[in-house]
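Before any comments, here is the structure.
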Amino acid sequence: MQYRPLTLFWIAEFSDGSALAQFDPDTGVEAQAHPDWLPSKVDKDGMIEKDGKKVPYREAYPIPEHFRNKTVKRLGWYPFNFDLTRKVFNATGKAVLPTASESIAINLSPDDKPVCYRSHEIKLHTRSGGVEYAETVYVLGIKGKKILHIDEKGKVNKELN
Amino acid sequence: MVATVNVQQAVGGSDGSPASYNNVTASTRLQTKDQFAPADMSYPIPIPTSGFKYSYWIHVCLDLSGTFTKINNVRFYSDGSIGWNFGTNGELRRGNRDSGDHGCPMPSEYDVATGTEADTGDAIEDETDGHDYYNTQTTPTANVASDTEASPALIDSADHTAAEKTKAVVLQCQVASDAVQGEQSDETLSFKYDEI
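Chains as they are written, first to last, in this note's numbering: chain B, 2 to 162; chain L, 78 to 273.
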């Protein structure tokens, strides 16, 4: 596999009482993440470099329909169970791992800008050969406030302020 | 969903147009020929009587595919110590830019590796035969041993939202006259990137 199987997936809870999971618990179909959760390098004119072109940020990343007119009040990373693992594989063809990992979530105020993404590492071994897809770090926090680095077991291994 | 990501080495072709991108699945060697994953050691870097000899430079990038919302912030680093015997002032170096990220845009700035086979590659910083994306920079190369997990080299700061290549790290060995010959030890070089 040319990827590291996921062990955690995100769930966003909204102020209207509804919630959205990265993978639909009934079908395993994936919902698009909010693009703002992974910060982009924006220049002073609000432009970003995307796929080789300079474009205004919001033009590059319209807010997905399922996030429009919604306010996220809680956001977190949660482990897969066996049932969802099977459904995700059937829906996407990609493997994810059921684990006994802990879940972790943060509460958000209306003005908070959530940060939620994965940091992947690939190790290139020069002589012994090949590449290794190393452990994924799950990042969660609030821009300008606390940022958590979470390992595949759901443990916080770094906290940045 | 998590993107499918391959580490690729671009080889051959002409400037701006590599002949091929090859998934790295076996050993990566820096030697005095522009070739991918050689199984043999036919093109070692000779130890010079004075000055330096160089490997041919190599371009290594990430190939992104599959479904993902955004990938950015591609970084590159070592464990802080390259255990190869390069001799005095020898090093494993990478192409370096004076500002912005340090990766070579692919394929537009790809510069086919040149030199004299079985003798030496052209130095990245060489004004005439060096790598055109780097050789006019004030500091055209940086020591990979200085790129660490805590302070990695930023290779590609742009956003990627579709299947494509990231910018490439351009690597080259510099070997001095007091280097010790022989096949060198395994080294681990790491890429990191962020995805949602």
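Glycine is no exception: its CB is placed at the ideal position from the N, C-alpha and C atoms.
Item, Value
"Is it true that the CB of B/Arg5 sits closer than 8 Å to the CB of B/Tyr139?", "no"
"Opposite B/Tyr58 in the DSSP bridges: which residues?", "According to DSSP, which records beta bridges pairwise, B/Tyr58 is partnered with nothing at all."
"Taking C-beta pairs closer than 8 Å, name the residues in chain B that L/Asn149 reaches, listed in chain order.", "Leu39, Ser41 and Lys42"
"Can you list, in chain order, the residues of its chain whose CB lies under 7 Å from that of B/Thr28, leaving out five sequence neighbours each side?", "Lys88 and Ala92"
"Given that L/His237 touches chain B, what residues does it touch there, using C-beta distances under 7 Å?", "Asp52"
"Beta-carbon within less than 6 Å of B/Phe83's beta-carbon, same chain only, minus the 5 sequence neighbours each way: which residues are those?", "Pro99"
"Could you check if B/Ala101 is buried or exposed, using at least 16 other CB atoms within 10 Å of its CB as the buried criterion?", "exposed"
"Determine the contact status of L/Leu169 and L/Val84, defining contact as a CB-CB distance below 8 Å.", "no"
"Tell me which residues share the same chain as L/Gly164 and place their Cβ nearer than 7 Å to its Cβ, disregarding the 5 neighbours each side in the sequence.", "Val252, Ala253, Ser254, Asp255 and Ala256"
"Taking 6 Å as the limit between beta carbons, can you name the residues of its chain near L/Gly143, skipping five residues before and five after?", "Ala80 and Thr81"
"If you run the structure through DSSP and keep just helix, strand and coil, what is B/Glu50?", "strand"
"So which residues of chain L does B/Pro36 contact, with C-beta pairs closer than 8 Å?", "Thr146, Lys147 and Ile273"
"Report yes if the C-beta distance between B/Leu125 and B/Tyr79 is below 8 Å; otherwise report no.", "no"
"By alpha-carbon positions, which one of L/Ala239, L/Ala245, L/Leu248 and L/Ile232 ends up nearest to L/Ser150?", "Checking the displayed sequence, the identity of residue 150 of chain L turns out to be Asn instead of Ser. With distances taken between Cα atoms, L/Asn150 lies closest to L/Ile232."
"Let me see if you follow: with CB-CB separation under 8 Å, is L/Tyr133 close to chain B or not?", "no"
"Where does L/Val189 land, buried or exposed, given buried means 16+ other C-beta within 10 angstroms?", "buried"
"DSSP three-state label for L/Ala200, please.", "coil"
"Is there a Cβ from chain L that is less than 8 Å from the Cβ of B/Val132?", "yes"
"Please report whether the beta-carbon of L/Phe129 lies at a distance below 8 Å from any beta-carbon of chain B.", "no"
"Listing by chain order, which chain B residues have their CB less than 8 Å from the CB of L/Ala190?", "The contacting residues do not exist; L/Ala190 stays about 17 Å from chain B at best."
"Which residues mark the beginning and the end of the beta strand (DSSP E) in which L/Phe268 is found?", "Thr265 to Glu272"
"My output table needs one value for B/Phe81: the three-state DSSP class, helix, strand or coil.", "strand"
"Quick one: complete beta strand (DSSP E) runs, 3+ long, within the stretch 13 to 53 of chain B?", "20 to 22 and 48 to 51"
"Report the residue from B/Tyr118, B/Ile107 and B/His121 whose alpha carbon sits nearest the alpha carbon of B/Lys147.", "B/Ile107"
"Along the stretch 127 to 155 of chain B, what residues have a CB closer than 7 Å to any CB found in chain L?", "Thr127, Arg128, Ser129, Gly130, Gly131 and Val132"
"Is there a Cβ from chain L that is less than 8 Å from the Cβ of B/Lys88?", "no"
"Am I right that L/Tyr120 and L/Arg174 are in contact with their C-beta atoms under 8 Å? What's the rounded C-beta distance?", "Actually they are not in contact, since the Cβ atoms of L/Tyr120 and L/Arg174 sit about 29 Å apart, beyond 8 Å."
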